[in-house]
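Just below is one structure, and these are the notes that go with it.
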Amino acid sequence: MEPTPVKNFLQSIISDDLANGRVSEVHTRFPPEPNGYLHVGHAKSIHVNFGLAEANGGCCNLRFDDTNPEKESQEFIESIQADVRWLGFQWEGEVRYASSYFQQLYDWAVYLVEQGKAYVCDLNAEQAREYRGTLTEPGRNSPHRERSVEENLDLLARMKAGEFAEGEKVLRAKIDMASPNMNLRDPIMYRIRKVAHHQTGTDWVIYPTYDYAHGQGDAIEGITHSICTLEFEDHRPLYDWFVDNLPVTSRPRQYEFGRLNLNYTVTSKRKLKQLVDDGVVHGWDDPRMPTIAGMRRRGFTPGSIRKFCEMIGVTRSDGVVDVAMLEFAIREDLNANAPRAMAVLNPLKVVLTDYPEAQVETLVAPNHPSREELGSRELPFTRELYIDADDFREEANKKYKRLVLGKRVRLRNAYVIEADSVVRDAAGEIVEVHAHTIPDTIGADPADGVKPKGVIQWVSASHGRRAEVRLYDRLFNHEAPDRGDADFLRHLNPESLRVVEQAWIEPALAGALPEQSFQFEREGYFVADRFEHSADQPVFNRTIGLRDTWNEGA
RNA sequence: UGGGGUGUCGCCAAGCGGCAAGGCACCGGGUUUUGAUCCCGGCAUUCGUAGGUUCGAAUCCUACCACCCCAGCCA
């Protein structure tokens with residue numbers, strides 16, 4: 063795995079820090095809260111944190127920022143680890159938990175109280191809001207701000223002991239209620255929550271806030287560069303305040319970068335959860351979800367996601383990346399690596415009237431047009447086969463390069479055929495095309511010099527296999543589905559999933575393993591479903607269609 | 001109207017006083033048993049706007065404008 067050669071502003075900072083001795087090694091961390099599945103935005107953060115560590119010979123921790131037990135669960139802890147590993151990253155040592163530091167954090171809180179820098183406040187949530195002031199008006203000091211150290215110590219101990227009800231008291235840092243930075247108006251360090259924690263059980267009834275826990279967690283782990291997204295920029299003075307006022311043994315620095323926004327996509331955990339809870343999709347790993355698990359099931363590869371992250375770069379400006387870039391990254395990967403195969407999604411029977419009924423020729427087709435080392439597979443050729451209904455017309459203009467009555471077409475990896483007549487059902491619909499083969503056209507052009515105009519895929523009617531094929535498309539048909547406050551669900555693409563129950567696939571495809579990717583020639587890239595595919599009942603998901611520059615009509 | 005940020009091609013993004021990289025998308029042309037891939041070519045006299053400094057500015061200064069974030073006992 064080659065280190066990222068890309069240079070961004072974070073790398074510049076790190077290079078400087080290394081050069082001037084501020085740090086002797088690089089230690090980053092990826093700190094998700096286990097309250098949902100990781101999505102493509104997290105992939106960027108993972109790529110930044112692990113990538114920077116890797117590129118500078120350092121390491122990166124995986125730390126669960128589990129300070130709010132109400133929203134978190136073990137399910138998410140497991141899925142997150144699986145996703146990070148799948149992306150190909152390895153964290154330093156064991157998985158870390160902010161909750162492992164609860165005792166240390168508490169001791170430090172006592173320390174701040176002793177220093178007169180923290181106090182217990184009895185204001186309820188509503189009162190606290192009033193005292194906090196507004197963006198343009200300063201706040202007012204809490205009436206409890208000047209409690210004695212002894213009283214604060216006693217109250218804090220009793221908070222910890224469970225003597226007070228939720229919301230009755232909080233521990234606040236004593237900073238500046240008039241600060242223009244709202245985060246510095248005596249921010250809350252501890253709140254009472256009488257709920258069990260997924261890691262610490264019922265050991266605690268008070269839980270530290272993100273602001274109080276994060277920087278200290280970084281310091282405990284020896285994190286040198288604590289990288290987060292732009293919205294935390296205003297928190298940096300607070301981050302620094304805690305680290306500077308506590309006897310921590312290392313001094314981490316926080317840096318912020320712009321979070322990833324993708325058009326035609328929502329990446330807010332709340333909205334993703336809603337899609338799952340409302341049953342709009344079939345779970346966090348639905349192939350239409352921008353979650354890592356969903357993308358994996360859709361057929362994205364770790365390499366394509368990493369490539370995408372490299373393409374978009376890391377800056378402090380917040381833009382909206384075109385989802386076409388993501389699509390490019392996966393096409394590029396799959397074009398280079400996915401074996402080719404043939405499948406017919408909308409079958410139309412073709413009978414080769416000159417081809418003996420009992421005859422079966424075993425043709426050999428290369429698995430990749432330019433990578434011989436990917437081998438080849440056998441392709442049974444028979445009198446009856448299926449082609450895609452879109453690949454036949456009774457008549458067409460010169461631009462149409464497929465099968466036309468009275469004209470020729472190349473069957474991919476097989477013969478050139480010529481269409482002679484059609485068979486219709488009672489309703490007048492074409493149900494069969496009768497054609498004949500042009501002799502000696504395997505690997506050769508017709509001897510009479512009349513070359514076919516195009517090439518189409520096919521599957522033997524007698525030797526082909528049936529498969530379910532799920533055609534996925536973007537979940538939203540609006541560029542910015544969550545812009546504004548209106549319900550983002552109204553922008554759902556009604557055709558984000560189309561299931562083809564009975565597609566025909568060439569026999570070799572039945573041996574596909576779950577998560578194996580293929581290019582179904584002329585159709586797109588497909589992956590055998592991670593959970594529901596089997597040799598008996600093959601299921602393929604369309605990852606992404608082939609680039610299509612054909613303008614019919616033009 | 002407080003504080004913190006960001007503004008370079010439709011999108012992402014280099015550039016850090018010497019005369020606008022690259023990628024995506026798009027548009028031409030060539031090769032091709034995938035209308036794919038691949039290959040070649042095109043695509044910002046201009047860097048949010050207006051002034052100023054300078055021989056010279058996207059890069060420095062000033063003012064203005066636009067957009068994003070902050071008033072959770074969420075992260």
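Quick note: the first sequence uses our numbering, first residue 63, plus one each step. Note that CB positions come from ideal geometry on N, CA and C, so glycine has one too.
Confirm, please, whether the CB-CB distance from residue j to residue i is below 8 Å.
i	j	result
Arg91	Asp280	yes
Leu100	Val342	no
Ile250	Lys222	no
Ala235	Ala180	yes
Asp127	Glu95	yes
His206	Asp238	no
Leu292	Val383	no
Tyr587	Ile606	yes
Phe443	Ala403	no
Glu87	Gly113	no
Asp591	Phe602	yes
Lys231	Leu217	yes
Ile285	His525	no
Thr329	Pro352	yes
Ala565	Val589	no
Arg474	Ile518	yes
Leu396	Ser579	yes
Leu80	Asn130	no
Gly201	Arg247	yes
Arg191	Glu228	no
Pro508	Val478	yes
Could you check if residue i is buried or exposed, using at least 16 other CB atoms within 10 Å of its CB as the buried criterion?
i	result
Lys133	exposed
Asn123	buried
Gly178	exposed
Lys69	exposed
Thr377	exposed
Val110	buried
Gln421	exposed
Phe164	buried
Gly356	buried
Asn97	buried
Met244	exposed
Thr66	Confidence at Thr66 is low in this model, with a pLDDT of 35, below 50, so the placement of that residue should be treated as unreliable; the coordinate-derived value is given next. Under this definition Thr66 is a buried residue.
Asn459	exposed
Asp145	buried
Ser379	exposed
His259	buried
Ala405	buried
Leu407	buried
Met63	Here the model assigns Met63 a pLDDT of 29, short of 50, so the residue's position is not dependable, and the following value carries that caveat. By the 10 Å Cβ count, Met63 comes out exposed.
Considering Cα atoms alone, identify which of the options is closest to residue i.
i	options	result
Gln261	Val85, Glu137, Val517 and Glu530	Glu137
Arg298	Glu283, Tyr317, Thr286 and Asn307	Tyr317
Gln166	Ala275, Phe71, Val512 and Glu389	Ala275
Val413	Ser330, Glu480 and Ser107	Glu480
Glu61	Arg532, Ser141, Thr605 and Val175	Residue 61 falls outside the range modelled here, since the chain spans only 63 to 616, and no answer is possible.
Arg528	Glu563, Ala548, Ser558 and Gly516	Glu563
Val561	Pro349, Thr363, Tyr417 and Thr503	Pro349
Pro418	Gln189, Phe71, Phe593 and Thr499	Thr499
Pro569	Pro93, Glu192, Trp153 and Val426	Val426
Met373	Ala489, Phe390 and Tyr159	Phe390
Ala386	Pro401, Leu324, Ser330 and Thr329	Leu324
Leu465	His496, Trp153, Arg486 and Ala489	His496
Ser288	Arg125, Arg472, Gln189 and Lys469	Arg125
Gly361	Ile392, Asp340, Asp339 and Gly381	Ile392
Val521	Ala506, Val478, Pro576 and Asp450	Asp450
Lys461	Asn613, Asp535 and Gly224	Asn613
Val305	Ile282, Phe319, Asp296 and Cys290	Ile282
Trp170	Glu188, Gly195, Gly277 and Arg194	Gly277
Ile142	Ala105, Val172, Glu116 and Phe319	Ala105
Asn186	Leu233, Thr198 and Gly224	Leu233
Problem set entry | the region 349 to 369 in contact with the region 139 to 150 per 3-pair CB rule at 8 Å | yes
Problem set entry | contact_flag[the region 563 to 583, the region 533 to 540] where n(CB pairs < 8 Å) is 3 or more | Taking 8 Å as the limit for Cβ pairs, the verdict is that the region 533 to 540 does not touch the region 563 to 583.
Exercise. Between the region 332 to 341 and the region 300 to 314, are three or more C-beta pairs nearer than 8 Å?
Worked result: no
Problem set entry | the region 543 to 552 / the region 585 to 601 touching (three or more Cβ pairs under 8 Å) | no
Problem set entry | Meets three-Cβ-pair contact criterion under 8 Å: the region 509 to 516 and the region 434 to 447 | The region 509 to 516 makes no contact with the region 434 to 447: fewer than 3 CB pairs, one atom from each, lie closer than 8 Å.
For this session: Note down, one range per segment and in chain order, each beta strand (DSSP E) of at least 3 residues found wholly within the region 250 to 323.
Result: DSSP runs (the beta strand (DSSP E)) wholly in the region 250 to 323: 250 to 254, 268 to 270, 287 to 291 and 315 to 319.
Problem set entry | Ordered list of alpha helix (DSSP H) runs contained in the region 203 to 231, each at least 4 residues | 211 to 222
Exercise. Which whole runs of the beta strand (DSSP E) in the region 503 to 537 are 3 residues long or more, in chain order?
Worked result: 527 to 534
Problem set entry | Length-filtered (3 minimum) beta strand (DSSP E) runs lying within the region 119 to 198 | Complete beta strand (DSSP E) runs here, min 3: 121 to 126 and 180 to 183.
Problem set entry | Contiguous alpha helix (DSSP H) assignments of at least 4 residues, all confined to the region 63 to 111 | 71 to 81
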